[in-house]
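J.:
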Amino acid sequence: VGGFRGGGGGGGKKKKNKVPTNSPPHPNYHSVPGACAKLNLFSGPPIRTYTDHTADVISLSWSRTAFLLSASLDKTVRLWHVSRSECLHLFQHSDFVTSVDFHPVEDRYFLSGGFDKKLRIWSIPDGRVKEWSQAPEMVTSAKFTPNGLMVVAGLYHGQVYFYSTEGMRYYTQVDAKNRHGSQSGGKKVTGLEFLRRNPGGGTASESGRGSNASSRSSRDSSSSAGSSGRAEGSASFGRSSSSGSSAGGSGRQSTMFLEQLLITTNDSRLRLYGLDDYSMLQKYKGLVNYSMQISASISGSGDYVISGSENGHVYIWETLAGGSAGGASSGFKSAKKDRNKKPTSFPVTTCAPPIVSAALFAPLKAVRHALLAADIMDGGSNFDTAADLSASMVICADYAGALQVYFRESAYNEVVEINKIDLGGLGMEVGE
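Residue numbers (the numbering used here): -4 to 427.
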């Protein structure tokens, strides 16, 4: 990914962040023409269409066993399964629900957060709340850490709170906002994404165990984070994956964290934090995001960050500009390298309003399947020596409801003989 700097489209609410409108077409990402039209990421019409919600659906979460949770502004969370056409269960809330997330280890449980300022861990078999905590402000994004031992909640004015899953006890917090200027009051947190970086160089987004958390967290500051509660008979969460470590509670025990957390906020910024000392490692700028519930995500390799935008473009950054990081904050030679202002971008929609509400990289497994199904690669192909296929396919959705899939030309050229199929800069929208 790369080679194109700047953006296009404009349309931001703040003039200082307005993006140039005369940018050239992106040279790397194309929706592929000719013989490559067989590169179908989607298999055809939707397998299921669910219409039971009566207001906007804000958040979705998949379990490992093909169950789906949906959170809505109709004040409900609904449970579905792809094999069934009807809703399996409805979980009623007292206000808008902005976030939902299956527990990554014990998917009998899920997390919800919303405008009533409550974080709830629900038991699906019992149909009731097992743990809860009262946050100081409206919860606009919430997620389990990938080992399931912690709950992370993004709030309305840029605060991000960490709680132990067991007992929902306050652990620590970070403020994802500018120190000075018009945005210093903090803006809504719209997305949370985890990234692991091993000292040995391996990376993985949303997986693994990570490093021990810093002892500087304020475990005794629960009064500042609101109250918490626990239903009788509540179960333990994720202890089998914690290597003997426990979250929250006693200050003598350390918590196993993934090393980095990507936070999206409504001040048109993304911020990457190291979870060994909770310091900001990188700030990503260029997108326009002042009102929508846009959430950035990370490629499977951990090397790229992607986000939609309110100006019709998709934006891509290298995760750590100027080199990769082995640990959390250890990869930076200078504090001046904490801002990445030069993303790759390309336009994907001209609908009104020109909003790309979601953008993400297709999973590596899906990319391989599409290449094999299109006979572009055979079963004996060496995927390991190919380009970073985890960042080769981009799926994006716009405010008009259109889905588009783009393939990165440099990755394509590395796995296909260029004299047989040449993209040639042409474009075709696949899967719209």
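Beta carbons are placed, not taken as given, at the ideal position from N, Cα and C, and that holds for glycine.
1. CB of P348 to nearest heavy atom of the ligand NAD: below 7 Å?
2. Quick one: is R266 buried, meaning 16 or more other Cβ sit within 10 Å of its Cβ, or exposed?
3. Cutting at 6 Å between CB atoms, please list the residues of its own chain near K182, excluding the five before and the five after it.
4. Nearest CA to the CA of L276: which residue from V52, D69, L257, S290?
5. Classify T16: buried if its beta carbon has 16 or more other beta carbons within 10 angstroms, exposed otherwise.
6. With DSSP as the reference, please indicate the residues paired to V362 in a beta bridge.
7. Please state the DSSP three-state secondary structure of L428.
8. How would you label I371, buried or exposed, when you count the other beta carbons within 10 angstroms and need 16 or more for buried?
9. Using only alpha-carbon positions, find the residue among S179, S89, A171 that is nearest to L187.
10. Inspect the beta-carbon positions of L83 and D96 and report whether they are closer than 8 Å.
11. Using the C-alpha atoms, what's the distance from K138 back to I342?
12. Is it the case that the Cβ atoms of P338 and W312 are separated by a distance below 8 Å?
13. Is it buried or exposed, S428, if we count other Cβ atoms within 10 angstroms and call 16 or more buried?
14. How should A50 be labelled, buried or exposed, when 16 other C-beta atoms within 10 angstroms of its C-beta is the threshold for buried?
15. The alpha helix (DSSP H) with V410 in it runs from where to where?
16. Roughly how many angstroms separate the alpha carbons of L282 and E305, rounded to a whole number?
17. If you follow the beta strand (DSSP E) that I258 is part of, which residue opens it and which one closes it?
18. Measure the Cβ-Cβ separation of T442 and T135 and say whether it is below 8 Å.
19. Considering just the uninterrupted stretch of the beta strand (DSSP E) at C391, what are its terminal residues?
20. Determine the contact status of T93 and A66, defining contact as a CB-CB distance below 8 Å.
21. Alpha carbon to alpha carbon, how far is T71 from V124? Give it in angstroms, no decimals.
22. V146 and M163: beta carbons closer than 8 Å?
23. Return the first residue and the last residue of the beta strand (DSSP E) that T49 is part of.
24. Counting only the same chain and skipping the five closest in sequence on each side, list residues whose C-beta sits under 6 Å from that of S56.
25. Whole angstroms are fine: how far does the CA of F189 sit from the CA of A242?
26. State the start and end residues of the unbroken beta strand (DSSP E) segment that holds A354.
27. Using a 10 Å radius around the Cβ and a threshold of 16 neighbouring Cβ atoms, would you call Q87 buried or exposed?
28. Which partner residues of G149 appear in the DSSP bridge assignment?
29. Among F37, I289, R264, whose alpha-carbon lies nearest the alpha-carbon of K280?
T.: This is what the structure gives:
1. Summarising the ligand content, the structure contains no ligands, and the ligand NAD is consequently not present.
2. Translated into the one-based positions of the sequence shown, residue 266 becomes position 271. That one is buried.
3. Taking the first residue of the sequence shown as 1, we reach residue 182 at position 187. Answer for K182: G153, T260, N261, D262, listed in chain order.
4. Position 281 of the sequence shown, counted from the first residue, corresponds to residue 276. Looking from the CA of L276, the closest CA among V52, D69, L257, S290 belongs to L257.
5. Numbered from 1 along the sequence shown, position 21 holds the residue referred to as residue 16. Residue placement at T16 cannot be trusted, given a pLDDT of 38 that sits under 50; what the coordinates show is reported in the next sentence. Result: exposed.
6. Position 367 of the sequence shown, counted from the first residue, corresponds to residue 362. In the DSSP assignment, V362 is bridged to no other residue.
7. For the chain, the structure presents residues -4 to 427; residue 428 sits outside this window and is missing.
8. Here residue 371 refers to the residue found at position 376 of the sequence shown. Buried.
9. For the purposes of this step, residue 187 is taken as residue 192 along the sequence shown, with counting starting at 1. Nearest C-alpha to L187 among S179, S89, A171: A171.
10. Here residue 83 refers to the residue found at position 88 of the sequence shown. Here residue 96 refers to the residue found at position 101 of the sequence shown. Pairing L83 with D96 gives a Cβ-Cβ distance that is not under 8 Å.
11. Here residue 342 is taken as the residue at index 347 of the sequence shown, counted from 1. Here residue 138 is taken as the residue at index 143 of the sequence shown, counted from 1. Strictly speaking, residue 342 in this sequence is Pro, with Ile absent from that position. Put simply, the backbone Cα of P342 is about 30 Å away from that of K138.
12. Walking along the sequence shown from the start, residue 338 turns up at place 343. Walking along the sequence shown from the start, residue 312 turns up at place 317. Yes; because the gap between Cβ atoms is below 8 Å, this pair is in contact.
13. As shown, the chain starts at -4 and ends at 427. That puts residue 428 outside it, with no answer to give.
14. If you number the sequence shown from 1, residue 50 lands on position 55. Flag for A50 reads exposed.
15. Taking the first residue of the sequence shown as 1, we reach residue 410 at position 415. 404 to 410 is the span of the alpha helix (DSSP H), which, as asked, contains V410.
16. Sequence index remark: in the sequence shown, residue 282 carries index 287 (1-based). Sequence index remark: in the sequence shown, residue 305 carries index 310 (1-based). Approximately 8 Å between the Cα atoms of the pair.
17. Mapped onto the sequence shown, residue 258 falls at position 263. In the DSSP assignment, I258 falls within the unbroken beta strand (DSSP E) covering 255 to 260.
18. The structure shown does not extend to residue 442, since the chain is modelled only from -4 to 427, so the question has no answer here.
19. In the sequence shown, residue 391 corresponds to position 396, counting from 1. Start and end: 388 to 393.
20. Here residue 93 is taken as the residue at index 98 of the sequence shown, counted from 1. Here residue 66 is taken as the residue at index 71 of the sequence shown, counted from 1. The answer is yes: Cβ separation under 8 Å.
21. Working through the sequence shown from its first residue, we reach residue 124 at position 129. Working through the sequence shown from its first residue, we reach residue 71 at position 76. Straight-line measurement puts the Cα of T71 at about 14 Å from the Cα of V124.
22. Position 151 of the sequence shown, counting from 1, holds the residue named residue 146. Position 168 of the sequence shown, counting from 1, holds the residue named residue 163. Their beta carbons are under 8 Å apart, which means V146 touches M163 by this criterion.
23. Working through the sequence shown from its first residue, we reach residue 49 at position 54. From DSSP, T49 is part of no beta strand (DSSP E); its letter is neither H nor E.
24. Residue 56 sits at position 61 when you count from the first residue of the sequence shown. Cβ within range, chain order: L64, V95, D96, F97.
25. Along the sequence shown, read from residue 1 onward, the residue named residue 242 stands at position 247. Along the sequence shown, read from residue 1 onward, the residue named residue 189 stands at position 194. Interpretation of A242 is limited by its pLDDT of 39, a score under 50 that renders its predicted location unreliable; no figure is taken from the coordinates.
26. In the sequence shown, residue 354 corresponds to position 359, counting from 1. Element bounds for A354: 351 to 356.
27. As a working mapping, residue 87 is identified with position 92 in the sequence shown. Counting every other CB atom within 10 Å of its CB across the protein chains shown gives Q87 a total below 16, marking it as exposed.
28. On the sequence shown, position 154 is the one that residue 149 refers to. Within the DSSP secondary-structure output, G149 pairs in a beta bridge with S136, V155.
29. The count along the sequence shown starts at 1 and reaches residue 280 at position 285. For the residues F37, I289, R264, the minimum Cα distance to K280 belongs to R264.
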